[in-house]
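Comments concern the structure below.
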Amino acid sequence: MVNERVAVITGSAQGLGKGIAEKLSKEGFKVVISDVNEEALSSTLSEFKEKGYNVFAKAADVTKIEDHDALIEAAVEEYGKIDAYINNAGVEGVVEKIEDITEKDIDFVLDVNVKGVFYGIQAAAKQLKKQGKGGTIINAASIAGHEGFDFLAAYSASKFAVRGLTQVASKEFAKDNITVNAYCPGIAATGMWERLDEKFMDVIGTKKGEALEQYSSSISLGRTQEPTDVANLVAFLASEDAGYITGQAIITDGGMLYR
Ligand code: NAD
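Using the working numbering, read the sequence shown as starting at 65 and increasing by one per residue.
Here it is, written out as structure tokens:
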């Protein structure tokens, strides 16, 4: 059967979002990639075009509600509809003791990770309801949304919030046949973890690579995750086969947190 589904992915020029975009493209989805980093977005678009994927790019900053609307409008203009809206964009923010975190630091993380997902849910639900055929919204949470990690207070709070939003949205949109779920990665050595490893050096006195090694040492499967590990879960959630799953925040961490 030909896959006619259209997926929009925020923060997909790099890291996990790029991996998700690649997996969905290989599965035959029409994919709209998007990012605030326009240079990375254009380079990923060229790479994907060369690989023959059916992909379209539009820059968007998830902290701006109007950017979500413009992104969806562009996707509909290009592909006629959306089926899956993936709120992937996120930032790690500071690694700091709670008492030293500034208001600016807190706002930065909550603006991207919470408001960015909030606005994405609102914009996607509006479009999916208009289309009248259901659909799915998939949000990036984290293992840090299941257990608070020390020195990552704003980040952990933001990912717990994403789980809350996911549950509320799944209840409110169920009557419209719109499912809402979250994926919770463990430790993937993307740009985010490269930066986290550096930031931990100042706070817990680790050397380069040590924080990543310490955090990864409890992974049962004995390795950090690849973007494809996360993309496999998201591709399932974006498929029709996941149509009876909603309101869940599913962990993919190689066996770190047992919930
Ligand atoms: P990354 O930093 O490698 O990539 C994130 C992408 O999002 C970048 O391309 C960046 O430009 C973009 N972005 C940042 N702010 C944006 C904004 N305001 N608007 C639009 N795009 C923006 O991060 P990643 O590791 O790929 O993480 C992706 C998601 O997965 C995030 O939500 C993150 O919190 C979550 N996550 C990652 C890990 C991990 O180990 N890497 C673990 C758990 C959860």
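Built from N, CA and C at the ideal position, the CB exists for glycine as well.
Anticipated Cβ contact below 8 Å, residue i with residue j, distance rounded
i, j, result
"V176", "L260", "That belief does not hold up - the Cβ atoms of V176 and L260 are roughly 15 Å apart, past 8 Å."
"A188", "I136", "7 Å"
"T230", "A313", "6 Å"
"N151", "G184", "4 Å"
"K122", "V96", "6 Å"
"L80", "V294", "5 Å"
"A153", "V119", "With 8 Å as the limit, A153 and V119 do not qualify as a contact, their Cβ atoms being about 17 Å apart."
"V155", "F172", "7 Å"
"A138", "T74", "Not quite, the Cβ-Cβ distance comes to about 13 Å (not below 8 Å), so this is no contact."
Residue i versus residue j: straight-line alpha-carbon distance, rounded
i, j, result
"T270", "F237", "45 Å"
"S76", "E103", "12 Å"
"G196", "D147", "11 Å"
"D240", "H132", "20 Å"
"G255", "K272", "14 Å"
"N19", "S303", "Nothing in the structure corresponds to residue 19, since the chain is present only between 65 and 323."
"G83", "T108", "11 Å"
"Q186", "E142", "21 Å"
"V232", "N101", "30 Å"
"I162", "S280", "23 Å"
"K115", "L105", "15 Å"
"W257", "A134", "30 Å"
"D336", "N203", "Since the displayed the chain opens at 65 and closes at 323, residue 336 lies outside it and no answer follows."
"K223", "D305", "26 Å"
"L285", "E111", "31 Å"
"E274", "E91", "37 Å"
"Y149", "P291", "18 Å"
"Q289", "M265", "22 Å"
C-beta atoms of residue i and residue j nearer than 8 Å
i, j, result
"V226", "A253", "no"
"V72", "F93", "no"
"L174", "A218", "yes"
"G318", "R287", "yes"
"G250", "I201", "no"
"L321", "E211", "yes"
"L301", "Y247", "yes"
Among the options, nearest to residue i - alpha-carbon criterion
i, options, result
"K113", "L80, E86, D125", "E86"
"D164", "E274, G180, D214, L80", "D214"
"I309", "I242, M265, V181, E142", "I242"
"Y117", "A134, S89, D125, L285", "S89"
"K190", "D169, S281, K145, T316", "K145"
"N296", "K128, I315, Q186", "I315"
"D169", "A134, A246, L216", "L216"
"K179", "E130, I162, K194, A134", "E130"
"R323", "G209, K194, L105", "G209"
"S234", "G157, G307, I283, F264", "G307"
"G157", "T292, V267, K263, N203", "K263"
Any chain D beta carbon closer than 8 Å to residue i
i, result
"A187", "Checking the listed chains, one finds no chain D in this structure; it contains a single protein chain."
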